[in-house]
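Comments concern the structure below.
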Amino acid sequence: MSREKIVTTAIGVADEVGLEAMTMKRVAERLGTGAMSLYRHVADKDELIEAMVEQVTGDYAYPGRSGIGWREAMHVLARQDWAAFLAHPWLLTATATVTPPFGAASLAAMEWALSALDELKLAPHAAARAVMTINNYVQGSARVVVGDRQAEAGEDPGRAWQQRLSDVDLHAFPRLNRLISHPLPAGERDWFAEGLDVILDGIEARGRS
1 MSREKIVTTA IGVADEVGLE AMTMKRVAER LGTGAMSLYR HVADKDELIE AMVEQVTGDY
61 AYPGRSGIGW REAMHVLARQ DWAAFLAHPW LLTATATVTP PFGAASLAAM EWALSALDEL
121 KLAPHAAARA VMTINNYVQG SARVVVGDRQ AEAGEDPGRA WQQRLSDVDL HAFPRLNRLI
181 SHPLPAGERD WFAEGLDVIL DGIEARGRS
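Going by full-length UniProt numbering, 147 is the number at position 147 of the sequence shown; the sequence numbering is gapless.
Written as structure tokens, this is what we have:
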């Protein structure tokens, strides 16, 4: 029995049943021991969740930044976080409830993100807001995919949305009607990257001002 083994097991349980159903008792049963033996390594479920978030954050650590501009770095950040959320959907809930202090992996991720924006010469609080906005976009997009069976199967959420509204009478909503009557062009599109670029355009504009 070790703290690392407990955390790894808890991640596996949460991946299967979700964060709410991931209890100390269930983790202990998976380990073939009693729940009380876990408390020698973690104080409670909250501490266990913090350790789980820290481990996954380390597993999806951002790469070295050599030769990567700020914009590409933000795409790398978004893709890494996106992959983590889709692999471990419970992380969407956990990151909303975990409170400081964060571990070394989480702090390193924050430092990496902020340093990537140095070339824009943003004020510290503006850089932090930019990173937070990107994080919120990634989490929101991941929630759409995790909660949408069609999107999980690989369908573009925008196309799925248009399809759902295609049979709805929208004559009282002319702009929405015009939008739905002009379907997205055929072929695949990287809707996630396109949405991120909208945010990055705004960040870049602030950097110039």
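The C-beta atom is built at its ideal place from N, Cα and C for all residues, glycine as well.
Worksheet item: Quick one: any contact between the segment 24-36 and the segment 75-95, if contact means 3 or more CB pairs under 8 Å?
Response: no
Worksheet item: Apart from the five residues just before and just after LYS25, which ones in its own chain have a Cβ nearer than 7 Å to its Cβ?
Response: ALA35
Fill in: Assigned exposure category for PHE173 - 16 Cβ within 10 Å defines buried
exposed
Fill in: Within 9 Å, strictly: CB atoms of MET52 and ALA104
no
Discussion item. Using only the alpha-carbon positions, how far apart do LEU120 and VAL138 sit?
Written reply: 21 Å
Worksheet item: What is the rounded straight-line gap between the Cα of GLU54 and the Cα of THR99?
Response: 12 Å
Item to complete: Under the assumption that TRP70 contacts LEU117 (Cβ atoms under 8 Å), give the Cβ distance between them as a whole number of angstroms.
Response: 6 Å
Worksheet item: Under the three-state reduction of DSSP, which class applies to TYR39: helix, strand or coil?
Response: coil
Worksheet item: ILE11 to LEU19, Cα distance in whole Å?
Response: 9 Å
Worksheet item: What is the rounded straight-line gap between the Cα of ASP59 and the Cα of HIS171?
Response: 50 Å
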